[in-house]
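Take a look at the structure below.
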Amino acid sequence: MPEQAMTEYLETAQGRRIAYARQPGAGPGVVFLGGFKSDMRGTKAEHLADWAAANGRAYLRLDYSGHGESGGAFEDGAIGDWAEDAMAAITGLTAGPQVLVGSSMGGWIALLVAREMPARVAGLVGIAAAPDFTENGFWSGFTEEQRATLMDAGRVALPSEYDDAPYVITRRLIEDGRNRLVLDRPLALPFPVRLLQGTADADVPVDWAMRLLDHPESPDLRLTLVKGADHRFSTPDCLSLIETAITEVLRGRT
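Mapping of the sequence shown onto numbering that gives the first Met the number 0: position 148 corresponds to residue 147, and the numbering continues sequentially without gaps.
Quick look at the structure:
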């Protein structure tokens, strides 16, 4: 197993201190974009670090502000901030087009990056991609009491099955998310796209994946459904499918 990449830091134009780990290799490089409240040392990110090293592929992963080893408080952040963090890292730390691998919220971030800087995207792999989830997941699932609390107090706490601490959802997160929606307007993805989705995912429903399959304009977009896979998508078989998806995107680009 290769030695773990050292954490480095990038100061963004917005004044945020972003932690990242970078491995040299051939291009197009691979950029891993993690999920909501996750970090760059998770199972999928680490597995892809090993895969990239074994294949001589350049690889970048990062913690958005308020996540992992980056500066800032999680509750202060929003989708637009985290997309800016990703774009700053891609612009400043990579060369040429990159294959974006977005997990859960990272799938939304990847789509925002693709919309804003398509020339820097060679392809996209979405793992339980969750575009627009602040609106279609959180807001639509809130009770009237939760909505009132959010608007009046500016935040509401939700239980998390992944952490002992609750998720604090802020009014800013919801309102900023409405300004970053990608499924409410045309979405051009002029490169190979692979979407991976588990049927037992309790956080991202299969019909979200179907909507994402149908919505964009792309010359090569495919969805793979894995029966019984959950939101983590981190079993050995699922990790192998992620490798295959990246390989297909790289092959399709050439």
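Just so it is clear, CB atoms sit at the ideal spot from N, CA and C, and this is done for glycine as well.
- Taken through DSSP and simplified to helix, strand or coil, ASP62 comes out as strand.
- The bridge partners DSSP lists for THR142 come to none.
- Of the other Cβ atoms in all chains shown, fewer than 16 fall within 10 Å of the Cβ of ASP75; this residue is therefore exposed.
- Within a 10 Å sphere around the beta-carbon of ASP62 sit 16 or more other beta-carbons, which makes this residue buried.
- Sequence-distant Cβ neighbours of PHE35 in its own chain, meaning closer than 7 Å and more than five residues away, are SER103 and MET104.
- Here SER239 carries a helix assignment [DSSP, helix/strand/coil].
- Under the DSSP assignment, VAL124 falls in the beta strand (DSSP E) whose first and last residues are 120 to 126.
- Collapsing the DSSP output to three states places ARG40 in coil.
- Secondary structure in the stretch 185 to 246: the alpha helix (DSSP H) runs of 4 residues or longer, each lying completely within the stretch, are 205 to 213 in chain order.
- With contacts defined as CB atoms closer than 8 Å, ALA88 and GLY26 fail to qualify as a contacting pair.
- The alpha-carbon separation between GLY125 and GLU247 amounts to approximately 13 Å.
- Within the DSSP bridge table, the entry for GLU10 names ARG16 as partners.
- Residue burial is scored here from C-beta neighbours: ALA57 has at least 16 other C-beta atoms within 10 angstroms and is therefore classed as buried.
- Contact check for ALA77 against LEU172 passes: the beta carbons are separated by less than 8 Å.
- Here the C-alpha atom of LYS226 lies approximately 7 Å from the C-alpha atom of ALA199.
- ALA82: member of the alpha helix (DSSP H) spanning 78 to 92, first to last residue.
- Per DSSP, the continuous alpha helix (DSSP H) segment holding ARG171 begins and ends at 170 to 177.
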